[in-house]
Amino acid sequence: MKAISRAVLLHRLKTASYAIGSVVLISWVTDALNEGLMFKPLLRYFYPAAVENYLHPFTDRPSLMIWLMPLLLALLLMFASSMMTVHHFKRRILYRMSPPIASPKPDHLITLATGDPALRGLPRTARHPTLHALYRQTSELAPLEAACAAADIALHAHALPDTRDIRQLTLRLDRILAQIRRKADPAASIAFDLGSLPPELASAATIACLENSVMLCYLDAQQQLRTHRVICEISD
């Protein structure tokens, strides 16, 4: 027998509670408008005589209970469904890094214009590698233009806001990475160099890479390129 996870079981119970509660509530409204009973087969076991003589919910106590029971049941089911929905939204979201693995040079490398030149000098694996340089001052691009032209590497410059606010940096990097991902070949590898980033920019890059399925990379002590991904998990 296939096991059902706790999250799936709660979701199915929540859906069933909503469905049954809706049917009961609609039937109760129909009974109240028509002054009839749609629950006679079930309620006959509790109040057999009262069900047969039912005329109006406020004539006597059994009639009132017959009228009130479906409403209470529907409200109870709706309350239970709401509680399960709240539990569903309170599940914890966990972020973690995958173990770093040795990788070849990516087709698209995103790094600071003032970053480590050793990463740009790695053996290429793509016919037309692309370097995406992040800069705050246009003067930072001058050394890169000559080096990329000599190495036959396409250079694309992307301006960064002159701020240390992580939220603004994340929004800007998210737009940059989305543009790169949209224009790149679907099979192309894209990596973001974390080696030379300041803390606030590294934090923003980590969040933006998760949203755009971009790898993070750095050079280890042996000058070997290592890549890993940010993984999002939802716990029960």
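Mapping of the sequence shown onto this note's numbering: residues -9 to 226, in sequence order.
The beta carbon of each residue, even a glycine, is placed where N, CA and C say it ideally should be.
Alpha helix (DSSP H) runs contained entirely in the segment 84 to 172, provided each spans 4 or more residues: Here the runs fully enclosed are 107 to 110 and 132 to 140.
Figure out for me which residue from 178, 61 and 105 has the closest Cα to the Cα of residue 15. For the residues 178, 61 and 105, the minimum Cα distance to residue 15 belongs to 61.
Just to check, is the beta-carbon of residue 163 closer than 6 Å to a non-hydrogen atom of the ligand NAD? Ligands displayed in this structure: none; no statement on the ligand NAD is therefore possible.
Spatial distance of residue 128 from residue 219 (CA atoms): Between the alpha carbons of residue 128 and residue 219 lies a distance of about 30 Å.
C-alpha gap between residue 159 and residue 96, whole angstroms: C-alpha separation (whole angstroms): 23 Å.
DSSP three-state assignment for residue 216, whether helix, strand or coil: Reduced to three states, the DSSP call for residue 216 is strand.
Under 8 Å, with one C-beta from each stretch per pair, do the segment 143 to 156 and the segment 118 to 126 reach the 3-pair mark? Yes: the two stretches touch, three or more of their Cβ pairs being nearer than 8 Å.
So, at 6 Å on beta carbons, what are the nonlocal neighbours of residue 130 in its own chain, with the 5 sequence-adjacent residues on each side left out? So the list reads 103 and 104, once near-sequence residues are dropped.
So is residue 91 buried or exposed if we call it buried at 16+ other beta carbons inside 10 Å? Looking at its Cβ environment, which holds fewer than 16 other Cβ atoms inside 10 Å, residue 91 is exposed.
Do residue 183 and residue 207 have their C-beta atoms closer together than 7 Å? Yes, Cβ-Cβ distance for residue 183 and residue 207 is below 7 Å.
Would you mind reading off the limits of the alpha helix (DSSP H) that contains residue 191? Residues 189 to 202.
Which first and last residues belong to the beta strand (DSSP E) in which residue 209 is found? Counting along the chain, the unbroken beta strand (DSSP E) around residue 209 starts and ends at 205 to 209.
Determine the DSSP secondary structure at residue 9, reduced to helix, strand or coil. Looking at residue 9 - three-state DSSP - the assignment turns out to be helix.
In angstroms with no decimal places, state the Cα-to-Cα distance between residue 68 and residue 98. Straight through space, the alpha carbons of residue 98 and residue 68 are spaced by roughly 52 Å.
In this structure, what does DSSP give as the bridge partners for residue 181? DSSP output for residue 181 lists 99 and 205 as bridge partner(s).
May I have the straight-line CA-CA distance separating residue 201 from residue 2, to the nearest angstrom? Each residue's Cα considered, the two are about 29 Å apart.
How about residue 173 and residue 71: are their beta carbons less than 7 Å apart? No; because the gap between Cβ atoms is not below 7 Å, this pair is not in contact.
According to DSSP, residues forming a beta bridge with residue 221: According to DSSP, which records beta bridges pairwise, residue 221 is partnered with 86.
What did DSSP end up calling residue 71 once you bin it into helix, strand or coil? Helix, per DSSP.
Pick helix, strand or coil for residue 174, following the three-state DSSP scheme. Shown here, residue 174 sits in coil according to DSSP, grouped into three states, outside any helix or strand.
Is the CB-CB distance between residue 126 and residue 150 below 7 Å? Remark: C-beta atoms of residue 126 and residue 150 approach each other more closely than 7 Å.
Grab me the residues of residue 195's own chain with a C-beta within less than 7 Å of its C-beta, minus the 5 sequence neighbours each way, in chain order. Residues 163, 182, 184 and 187 of the same chain have their beta carbon placed closer than 7 Å to that of residue 195, with the five preceding and five following residues left out of the count.
Can you round the beta-carbon distance between residue 166 and residue 180 to whole angstroms, since I take them to be within the 8 Å contact cut? Incorrect: roughly 11 Å between the Cβ atoms, too far for contact.
For residue 8 and residue 175, what's the separation of their Cα atoms in angstroms? Rounded to whole angstroms, residue 8 to residue 175 spans 45 Å at the Cα level.
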